[in-house]
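These notes are about the structure you will find just below.
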Amino acid sequence: MRRRREARRHRVGGDEEGDGHGVPGRGRDAVHHGHAHSRPSSRDRTCVRIRPSVGRPHRHRHRRALARRRPRCARIGPVDAERVLGDGRADGVWCRLGEPLTVAQIARGGPAWLCLDAQHGAFDDAAVLATMRALATVSERPPVAVRVAGLSDPLIGRALDAGADVVVVPMIESVEDAAAAVRAAHYPPLGRRSWGPMTDLWGAAPPSAAEARPALWLMIETQTGLDAVEEILAVPGVAGVFVGPFDLAIGLGRELPDLLAADGPEDPLPRIAAAARNAGLVAGAYAGDQERARQLRALGFPRVAVATDQSLIALGTAAALGAVADGSGC
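For what it's worth, this note's numbering labels the leading residue of the sequence shown as 1316, then goes sequentially.
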């Protein structure tokens, strides 16, 4: 029995008195898990080497917990804006601040669509890209439009590469302008857009060129554009018309209230809406408040931007503070 114990001590590299490696509790390789049966008795001080646990089960549980906390993105890829919006009433929000998390929070409130303003708002390329990444965390996100700063192949292409579902092009005045916008927004054979999507940066699988069907909305804002509106909206590849009544009023030399009150068939806004219907398209417009939105719907514009990100923040703040002041809130 004594010889067997000595042989076992020799195999594990320790001796009866211990040398710093074989004595339990002293050696760095002697690891015990707190169980009574793992502790050597006083009769047999042989140390049994036990491979330390590296915590794999804990790490796996941690990964599973993280996966459960990750938001599910039902629409992480492109959204078919025309199919989703249809031809009925669709109230949208116009975003100017260039703040991605604000847009994502607004999207959770349920607008039919959003527009990021890169012409007069604070959305540059980086802000558009960051906003699309933030919107990837929103389940069932709405279609997202980007109003570019002008009729330009690079501007239109970069907005679509960032993941925009719709591109809104301002100051369209002729059939040639409309055809140029179509070429910039669509891949061959309809257009000449080049391939360079960036949506894979946040995990979205970019569509193939054959699958990509962005919507192109053209803005009529001048007398020249109004004179050619029927021909402009007949150009293949155009999905809709969008009107900024403030700019159109300036372009026509009229006051905004007068423009919104003119409801005859040959008046500017009804004429634009009729041209869209005759071309099988849907008309949209910027309102900015509920009263103008009501007027524009009555004139034939079902897709209306009824509020801005700025106005929603101001109205929400006023409502919350008012509720606190009168005791009805927290």
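Glycine included, every Cβ here is placed at the ideal spot set by N, Cα and C.
Exercise. What do you reckon, are the CB atoms on G1478 and V1459 nearer than 9 Å?
Worked result: Going by C-beta atoms, G1478 is nearer than 9 Å to V1459.
Problem set entry | Span of the beta strand (DSSP E), counted from its first residue to its last, around T1623 | Residues R1618 to T1623.
Exercise. Across which residues does DSSP place D1562 in a beta bridge pair?
Worked result: None, per the DSSP bridge assignment.
For this session: Only counting runs of 4 or more residues, tell me where the alpha helix (DSSP H) segments fall wholly within the region 1528-1592, in order along the chain.
Result: Complete alpha helix (DSSP H) runs here, min 4: 1538-1542, 1544-1548, 1560-1567 and 1571-1576.
For this session: Run the CB neighbour count on Q1605, radius 10 Å, all protein chains shown included, and call it buried at 16 or more, exposed below.
Result: With fewer than 16 other Cβ atoms within 10 Å, it is exposed.
For this session: Could you name each continuous beta strand (DSSP E) segment of 3 residues or more that falls completely within the region 1437-1474, going from the start of the chain to the end?
Result: Fully enclosed beta strand (DSSP E) runs of 3 or longer: 1459-1462.
Problem set entry | First and last residue of the uninterrupted alpha helix (DSSP H) at L1691 | Here the chain comprises residues numbered 1316 to 1645, so residue 1691 is not present and cannot be evaluated.
For this session: Go through its chain and collect everything with a Cβ distance to A1389's Cβ below 7 Å, but skip five positions before and after it.
Result: Only weak support is given to the placement of A1389: the predicted model assigns it a pLDDT of 43, under 50, and the value that follows is read from those uncertain coordinates. The answer, listed in chain order, is S1454 and E1455.
Exercise. Q1420 to T1623, Cα distance in whole Å?
Worked result: Roughly 13 Å separates the two Cα atoms.
Exercise. Do we get a CB-CB distance below 9 Å when we pair D1578 with the residues of chain C?
Worked result: The displayed structure is made up of one protein chain only, and chain C is not part of it.
Problem set entry | Same chain, Cβ closer than 6 Å to A1474, neighbours up to 5 away in sequence not counted | Excluding positions up to five away in sequence, the list reads V1461, V1463 and V1482.
Exercise. Helix or strand or just coil, what does DSSP make of L1412?
Worked result: The answer is coil: DSSP assigns L1412 none of H, G, I, E or B.
Exercise. Exposed or buried, G1615, counting other C-beta atoms within 10 Å across all chains shown (16 or more means buried)?
Worked result: With a 10 Å radius around the Cβ and a threshold of 16 neighbouring Cβ atoms, G1615 comes out buried.
Exercise. Would a C-beta distance cut-off of 9 Å place P1560 and L1611 closer than the cut-off?
Worked result: Yes, Cβ-Cβ distance for P1560 and L1611 is below 9 Å.
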